[in-house]
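Mapping to full-length UniProt numbering: the sequence shown position 136 is 136, numbers consecutive. To start, the structure under review is shown below, and the notes come after it.
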Amino acid sequence: MSAEALSKLSLVDTMVTTRAGAARARTAPAQTPQHASTPSPSHSPTSTAASSPTPSLIESAQGLTYNLSPFDDDVRRRAKRGLMDDNDIEMKYCKTSPTDPSEYLFYVDDDITVAIGGERSKPKCSCGLNEGGKACKHIFWMLDHLATGAPGDIKSQTLQLARDGSSLQNIPPAKMIGEMGMENVARGLAWPLQDGLPEEENDVVDEIAEILSVFEPSDALPAEFKKPESPTLSERAYKYHEFKEIITQHALRNPGLFIRLQSVITLSFRGHVFFEKISGRVARAFKALENYIANGPTNAPFEAHDVVSCASKLKALVQSIADYYDQHDEDEPDTKNVANRAAGALISILDGVANRNFDAYANITWGAIPPADYRDANLFTHLICKPDVGGKLFVLDVLQSLPQDDVLRGHGEDIHNLGDKLAKPFVPAEYLNTFRSISQGNRKRAASEVGGGSAKRPTMES
Numbered sequence: 001m002s003a004e005a006l007s008k009l010s011l012v013d014t015m016v017t018t019r020a021g022a023a024r025a026r027t028a029p030a031q032t033p034q035h036a037s038t039p040s041p042s043h044s045p046t047s048t049a050a051s052s053p054t055p056s057l058i059e060s061a062q063g064l065t066y067n068l069s070p071f072d073d074d075v076r077r078r079a080k081r082g083l084m085d086d087n088d089i090e091m092k093y094c095k096t097s098p099t100d101p102s103e104y105l106f107y108v109d110d111d112i113t114v115a116i117g118g119e120r121s122k123p124k125c126s127c128g129l130n131e132g133g134k135a136c137k138h139i140f141w142m143l144d145h146l147a148t149g150a151p152g153d154i155k156s157q158t159l160q161l162a163r164d165g166s167s168l169q170n171i172p173p174a175k176m177i178g179e180m181g182m183e184n185v186a187r188g189l190a191w192p193l194q195d196g197l198p199e200e201e202n203d204v205v206d207e208i209a210e211i212l213s214v215f216e217p218s219d220a221l222p223a224e225f226k227k228p229e230s231p232t233l234s235e236r237a238y239k240y241h242e243f244k245e246i247i248t249q250h251a252l253r254n255p256g257l258f259i260r261l262q263s264v265i266t267l268s269f270r271g272h273v274f275f276e277k278i279s280g281r282v283a284r285a286f287k288a289l290e291n292y293i294a295n296g297p298t299n300a301p302f303e304a305h306d307v308v309s310c311a312s313k314l315k316a317l318v319q320s321i322a323d324y325y326d327q328h329d330e331d332e333p334d335t336k337n338v339a340n341r342a343a344g345a346l347i348s349i350l351d352g353v354a355n356r357n358f359d360a361y362a363n364i365t366w367g368a369i370p371p372a373d374y375r376d377a378n379l380f381t382h383l384i385c386k387p388d389v390g391g392k393l394f395v396l397d398v399l400q401s402l403p404q405d406d407v408l409r410g411h412g413e414d415i416h417n418l419g420d421k422l423a424k425p426f427v428p429a430e431y432l433n434t435f436r437s438i439s440q441g442n443r444k445r446a447a448s449e450v451g452g453g454s455a456k457r458p459t460m461e462s
């Protein structure tokens, strides 16, 4: 393989990712170059295969043709096992060596590791069968997969392997990987790439719970799903906890499974499901208050909460949003999206409370006794006007902790609309001032983005 051909290596565009694809490649009509002469029957791969259990020319599982004629019978058998489709070799995961960036490690089934590059001149397999200058089936299997990244004019040729696996078309496999990049190799071949696995077992257990919580049948949030099973769990939820334990045990033994779970159930998807669950719970809390007002705590056909209970539910949801955002590192790729969605969820909760600024007991007909504290009869006054334990400002404390420049810019209109609903004479000055700082800061950022030419909206009066 020439230097020019080496520079064109690309697994992303040329590889065959599935066995079905490989089968189609093998059974597709051959595209024979016009200048090529048709091989005589005595030298064709088919006739050779008929006369020898280990032919000189074989077609691999990836649809490539290899010349094994320079090998003795033992190496031919090894090559055939590695190159053909009946070898039962599966990649668990791969990674770049943490101590040598030029060494590449590939972990296959049966706890076997193939090491390529680094200080080695030829691949090393932990199966122990590649001693004496002979490659094992695992090394030949690796080379065949790497060969799928070669340019088409190279792959159409009959390829030559070194008997010890040190080269393919006279190019060392480590050089091929280095040229393509380990990330591209893993992505092109759909192999799990280990990139910073959690160091502690507890971190893996925690991450698995985060991943599997998205499908939890009772719509439990991640933090709830991580807790021990409750005796009040439904049968489906209890069985799902058992399923989580099985998956966790396998993932601890097989990092490849853990990596695949992370790649399928991405951070973005987990965030989407989390905020869907939050939105559903917020809607149910407000509906439960309506049920209480209409029917009372016992006659309601569905869940019913008085003002204090509804407020408690909403506070818990605000805290869940805060905790979920806090567990994301600033440098994680999805953190900005999580912050944006958290802001949207918090603003939606506050808007829902502002829309319920009325005495819930004023028109009740089922004989309810209003609470002694008038603020406990109104969801708005209970959450916004009544001092909270620790002096927390409902929603605003969490909203203020989010990255203002990156997040609140996308919710400026919603925040402005909330201003009129919150501008009541009985709302504490601290609450209004905090809200004003968020709202005005948002308008200043919006104005600066258009060169400061936009007229500012009037400041909300307390």
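No residue lacks a Cβ here, since even glycine has one placed at the ideal position from N, Cα and C. Please read all numbers here as calculations on a predicted model, not as lab measurements.
- The beta carbon of G344 is closer than 7 Å to those of H411 in its chain, skipping five residues each way along the sequence.
- Taking the CA atoms as reference points, R356 sits about 12 Å from K287.
- Y431 is positioned such that its CB atom lies closer than 8 Å to that of L393.
- Between S102 and G165, the C-beta gap is not smaller than 8 Å, which leaves the two residues out of contact.
- Taking a cut-off of 8 Å for Cβ pairs, the segment 253-267 and the segment 203-216 touch, as three or more such pairs fall below it.
- With fewer than 16 other beta carbons inside 10 angstroms of its own, R253 counts as exposed.
- Of the other Cβ atoms in all chains shown, 16 or more fall within 10 Å of the Cβ of A174; this residue is therefore buried.
- Pairing L396 with S320 gives a Cβ-Cβ distance that is not under 8 Å.
- Under the three-state reduction of DSSP output, E59 falls in the strand class.
- If you draw a straight line from the Cα of V308 to the Cα of G391, it is about 18 Å long.
- Cβ-Cβ separation between V318 and V273: approximately 19 Å, too far for a contact (criterion under 8 Å).
- The beta-carbon separation of V353 and F380, rounded to 6 Å, stays under the 8 Å limit for a contact.
- Inclusion of N295 and A304 in the CB contact set at 8 Å is warranted, their separation being smaller than that value.
- Between M91 and I58, the CB-CB gap reaches or exceeds 8 Å.
- With contacts defined by Cβ atoms closer than 8 Å, L418 and I347 form a contacting pair.
- Residues of the same chain with a CB within less than 6 Å of the CB of F140, apart from the 5 flanking positions on each side, are A79, G82 and L83 in chain order.
- Between L189 and H145, the CB-CB gap stays under 8 Å.
- The alpha-carbon of R187 is positioned some 28 Å away from that of Q327.
- By DSSP's assignment, A115 forms a beta bridge with L105 and K124.
- DSSP places N67 in the strand class (E or B) of the three-state scheme.
- C94 is bridged by DSSP to F106 and L193.
- Residue range T158 to Q160 is occupied by the beta strand (DSSP E) that includes L159, with no alpha helix (DSSP H) assigned at that position.
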